[in-house]
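Working notes, beginning with the structure itself.
Residue numbers (this note's numbering): 14 to 259.
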């Protein structure tokens with residue numbers, strides 16, 4: 014399967030140093046200069062950091078070298094193994110226009126055989142069938158990113174936030190609003206540091222944000238921090254209908 018390198022930003026993709034040998038590159042737009050068509054895939058063969066050049070190998074065996082600053086619409090993937098079974102929840106990690114499948118669309122495997130033929134029942138109600146070799150953008154669907162969960166709802170949600178692994182672009186007031194508001198009745202947040210979480214979820218990354226901040230959640234996070242300080246040794250506290258665990 015192909016799993017996107019989520020840690021690579023659009024700015025990172027302009028620099029050869031961020032590419033690794035074996036990475037799979039998908040060209041959404043393509044380029045006439047290098048003869049690469051839109052939707053084509055290639056594998057990274059070499060990286061020249063000093064000259065900022067990436068050399069990829071196309072499906073036909075041709076090798077192409079280019080400066081990644083001159084190409085746009087590029088996504089980097091790593092190859093990984095996934096063992097799917099009937100009944101598994103899965104999600105698509107790239108859009109498929111031919112089958113009218115959206116990125117991060119969810120479904121359940123109804124049938125699967127040893128040849129890699131799948132029959133999926135999408136959450137939208139449609140049923141589709143394909144061979145896994147024809148669509149390698151499939152991953153487990155038991156957990157989704159906060160970004161891809163926008164527009165979805167569930168009775169209860171579990172939110173994992175590691176304050177040491179994510180910067181202000183990921184952990185902020187906007188994340189608090191999107192992640193916690195997915196749950197109809199209950200939202201539980203699991204973190205490595207309650208006090209640090211409260212501070213980070215108070216950050217506003219936009220001076221004029223179009224998204225209304227979830228002030229209630231941030232206030233709850235601060236209250237949890239104070240409660241945790243007063244009652245040391247407690248692993249789990251709850252405030253204002255939202256739970257935060259460490």
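Glycine included, each C-beta is placed from N, C-alpha and C at the ideal position. A quick note: this is a predicted structure, and the numbers were derived from the prediction, not measured.
Counterpart residues of residue i in DSSP-defined beta bridges
i: residue 76; result: 70
i: residue 52; result: None; residue 52 has no bridge partner.
i: residue 153; result: 103
i: residue 199; result: 169
i: residue 122; result: 133
i: residue 57; result: 69
i: residue 39; result: 54, 88
i: residue 142; result: 132
Status (buried if at least 16 other CB within 10 Å, exposed otherwise) for residue i
i: residue 137; result: exposed
i: residue 98; result: exposed
i: residue 76; result: exposed
i: residue 124; result: exposed
i: residue 31; result: buried
i: residue 169; result: exposed
i: residue 126; result: exposed
i: residue 200; result: buried
i: residue 142; result: exposed
i: residue 192; result: buried
i: residue 231; result: For residue 231, the predicted structure reports a pLDDT of 48, less than 50, and the residue's modelled location is therefore unreliable. A value from the coordinates is still provided. So residue 231 ends up on the buried side.
Residue i and residue j closer than 8 Å at C-beta
i: residue 89; j: residue 18; result: yes
i: residue 91; j: residue 105; result: no
i: residue 214; j: residue 189; result: yes
i: residue 84; j: residue 29; result: no
i: residue 154; j: residue 210; result: no
i: residue 15; j: residue 150; result: yes
i: residue 176; j: residue 197; result: no
i: residue 121; j: residue 110; result: no
i: residue 27; j: residue 108; result: no
i: residue 57; j: residue 23; result: no
i: residue 152; j: residue 95; result: yes
Close Cβ partners of residue i (< 6 Å) along its chain, the five nearest in sequence each way excluded
i: residue 71; result: 55
i: residue 49; result: 40, 43
i: residue 194; result: none
i: residue 159; result: 188, 191, 192
Cβ shell of residue i (< 7 Å), same chain only, five flanking positions each side left out
i: residue 173; result: 203
i: residue 86; result: 40, 41, 42
i: residue 331; result: Only positions 14 to 259 of the chain appear in the structure, and residue 331 is not among them; the question remains open.
Assumed close pair residue i, residue j - CB separation to whole angstroms, cut-off 8 Å
i: residue 217; j: residue 186; result: 5 Å
i: residue 60; j: residue 38; result: Incorrect: roughly 12 Å between the Cβ atoms, too far for contact.
Own chain residues within Cβ distance below 8 Å of residue i, not counting five before or after
i: residue 144; result: 128, 129, 130, 131
i: residue 223; result: Confidence is the limiting factor: at residue 223 the pLDDT is only 45, short of 50, which leaves the residue's position unreliable, though a coordinate-based value still follows. Nothing listed; no residue qualifies.
i: residue 115; result: 105, 108
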